[in-house]
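A.B. asks:
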C-alpha cells in the first residue's frame, strides 16, 4: 500500500530542517562556504515547495 503523500512530505521537510540545523551551526562558527550558501537556498526552496504541496 502506498504511503500518504503528506507523510512523505513531512518526512522530507524534517530531513531538510535537520540539514539546515547543521548548516546553522557552521554559520555560527563562521565556517560556511559558498556551496553551503547555495545548499541553504536550495533547501529553503524545497521546504517551501513541500509546504505548499500539503
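Residue numbers (the working numbering): 56 to 109. Ideal Cβ placement from N, Cα and C applies to all residues, glycine included.
Verify whether the separation of the beta carbon atoms of residue 75 and residue 91 is less than 7 angstroms.
C.D. replies: In this structure, the beta-carbon distance from residue 75 to residue 91 does not fall below 7 angstroms.
A.B. asks: Indicate the three-state DSSP secondary structure (helix, strand or coil) for residue 90 in the structure shown.
C.D. replies: Note: residue 90 maps to helix in three-state DSSP.
A.B. asks: So, using beta-carbon positions, are residue 71 and residue 93 closer together than 7 angstroms?
C.D. replies: no
A.B. asks: What does the alpha-carbon distance come out to for the pair residue 96 and residue 61?
C.D. replies: Here the alpha carbon of residue 96 sits roughly 23 angstroms from the alpha carbon of residue 61.
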